[in-house]
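Our numbering numbers the first residue of the sequence shown as 3 and each following residue consecutively.
In this text, a Cβ means the ideal position worked out from N, Cα and C, and glycines have one as well.
Being a predicted model, the structure only gives us computed values, none of them experimental.
Notes for the one structure printed next.
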Amino acid sequence: MHADPQKFGRSTAAQPGPGIVHLGLGAFFRAFGAIYVEDAVRISGGDWGIIGVSLQSPGTRDKLAQQDFVYTAVTQNPDGGETFRKVEIVQDVLVAPENPEAVLAAMANPAIRIVTLTVTEKGYCHDPATGALNFAHPDIIHDLEHALPRSAPGFLVRALQRRRDAGYPPFTVLTCDNLPENGKLVGRAALDLARKLDPSLADWIASEGRFPSTMVDRITPATKPEDIDRLAQKTGYRDEAPVLCEPFRQWVVEDDFVPAYGADARPDLAAAGAEMVSDVTPYENMKLRMLNGTHSSLAYLGYLAGHESIAETVADPVFASFVKRLWREEIIPSFTPAEGVDIEAYAGALYERYSNPAIRHRTWQIAMDGSQKLPQRILATIADNLAAGRKCPGLMLAVAGWMRYVSGLDEKGQPIDVKDPLAQHLRELSDAAGTPEQKVAALLSVREVFSAGLAADLSAPVTEAYGSICELGARKAVGEIL
Ligand code: CS2
């Protein structure tokens with residue numbers, strides 16, 4: 003039994019005024035963006051308190067509300083040690099389905115100069131293969147017909163509409179999701195929706211709004227009940243909503259914020275260690291392909307091989323060699339790193355981060371939402387390799403691993419709890435197809451994921467890779483690549 007827990011709450015009554023609304027207050031942003039903002043305020047001041055918004059469910063709000071929205075960030079070091087940091091920058095959490103009006107009112111408050119987002123790849127209601135807003139998405143259909151929205155684009159546009167009508171400047175929209183040119187993507191979604199509602203609003207957003215792109219990086223595994231108990235044992239207080247993270251963090255931000263707010267348009271993120279740049283593209287390719295691309299490759303193939311976590315997967319010498327080969331042979335040649343970046347050293351640091359035994363980052367967690375992740379993490383790299391005449395058998399095997407994973411049965415015939423917006427459709431396609439060739443063809447026909455041209459290019463190599471997985475099992479199929 004842990005010690006009688008002391009009341010867990012704020013260290014001080016003094017708080018900065020609100021300056022940011024965050025849509026999608028999950029573990030990642032609490033372990034990442036909130037800490038950067040809190041550090042920026044500690045160093046350089048400014049009214050940058052954060053109002054969190056949950057777009058789906060009340061769970062996070064319910065836990066945080068019990069402890070005045072304060073929580074612990076637990077850094078898990080490779081030597082097994084843990085360091086604890088109390089984070090106090092979040093000042094309130096709203097639950098959109100309970101009270102969308104309160105969310106819009108918060109976003110329309112002129113004191114709010116930035117809206118940040120971590121709504122995951124599927125939260126932008128876009129078509130992953132093209133980037134266009136999906137007007138057939140049920141939430142977009144709803145948001146076109148109702149002033150109180152459901153979707154992230156809907157909240158952005160309706161709040162901007164209120165600000166425009168009240169004569170206030172727009173807020174800067176700062177997305178923190180793992181998507182290429184993520185600022186342009188969320189800007190396009192907002193403008194596509196605004197143009198349908200009110201073309202003059204779209205013109206105003208296009209002229210006065212800002213949607214800078216960012217690259218975000220911090221491995222943040224899900225918190226388990228035993229983590230909460232361990233923290234209570236170690237600290238003497240009970241925090242119901244701690245977040246776990248690795249020591250590493252990197253935030254690269256395009257320095258393009260709403261000019262109407264002048265020097266008060268953003269917190270001093272550079273003082274907190276963020277890199278403020280004019281173009282984030284080289285950093286984003288490096289991270290999405292080198293980290294997220296191998297994360298997803300290891301997640302599907304590692305899960306099928308029976309590995310529970312990334313650390314466990316790269317501890318397997320077959321997968322250790324596989325991931326290093328992926329970086330060397332198929333990913334690094336596919337892009338130009340940012341100036342001054344030692345890309346070999348970056349790969350070596352990634353391998354050390356993956357190997358951190360204290361981070362139990364489940365392959366199952368990373369495998370989620372593959373239909374929304376594959377295009378920017380793996381397919382773009384394949385397309386660039388093919389255009390350059392380079393074969394990429396490792397990435398083709400990763401695609402085949404995803405196809406085998408979404409079939410819903412593992413290599414022991416046990417069910418896989420596939421989490422994906424298209425999970426049912428993918429399972430039905432796989433089940434309805436008889437042979438491996440037919441299964442691959444059926445899944446390559448999913449245009450939300452594979453363009454027709456890329457599907458044609460992938461057909462033969464992915465079919466061969468899929469057959470290898472079915473015949474040898476994932477681990478041996480990986481071994482064949484080496
Ligand atoms: C992971 C990412 O769950 C996933 O898809 O690949 O959350 C990854 O941990 C972060 O992007 C690391 O910065």
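Residue i by DSSP, collapsed to three states: which one?
i: Val105; result: helix
i: Phe321; result: helix
i: Ile37; result: helix
i: Thr132; result: coil
i: Leu484; result: coil
i: Val464; result: helix
i: Pro377; result: helix
i: Gln252; result: strand
i: Ala15; result: coil
i: Tyr170; result: coil
i: Ser46; result: helix
i: Asp219; result: strand
i: Lys9; result: coil
i: Asp94; result: strand
i: Ser336; result: helix
Quick one: does the C-beta of residue i sit closer than 7 Å to a heavy atom of the ligand CS2?
i: His309; result: no
i: Asn287; result: no
i: Asn294; result: yes
i: Lys421; result: no
i: Asp219; result: yes
i: Lys375; result: yes
i: Asn184; result: no
i: Asn180; result: yes
i: Ile368; result: yes
i: His297; result: yes
Tell me the rounded alpha-carbon separation between residue i and residue j.
i: Ala307; j: Ser215; result: 36 Å
i: Gly350; j: Gln440; result: 39 Å
i: Ser336; j: Asp386; result: 6 Å
i: Leu484; j: Ser299; result: 15 Å
i: Ser432; j: Ala454; result: 18 Å
i: Arg268; j: Arg449; result: 39 Å
i: Pro102; j: Gly189; result: 21 Å
i: Gly156; j: Lys186; result: 16 Å
i: Met288; j: Lys9; result: 43 Å
i: Ile221; j: Asn358; result: 11 Å
i: Phe34; j: Arg364; result: 19 Å
i: Ile22; j: Leu428; result: 38 Å
i: Ala42; j: Arg291; result: 29 Å
i: Ile368; j: Phe31; result: 16 Å
By DSSP's criteria, residue i is part of a beta bridge. Which residues make up the other side?
i: Arg20; result: One detail in the question is off: residue 20 reads as Pro in this sequence, not Arg. The partner list for Pro20 (beta bridge, DSSP) reads Gly51.
i: Lys478; result: Answer is none; Lys478 lacks a bridge partner.
i: Glu473; result: Its beta-bridge partners do not exist; DSSP assigns none.
i: Cys247; result: Thr77
i: Glu228; result: Partner(s): none; Glu228 has no beta bridge.
i: Ile116; result: Ile22, Thr174
i: Lys88; result: Thr74
Strictly under 8 Å for the Cβ-Cβ distance: is residue i near chain C by that measure?
i: Ser56; result: Absent here is chain C; the protein component of the structure consists of one chain.
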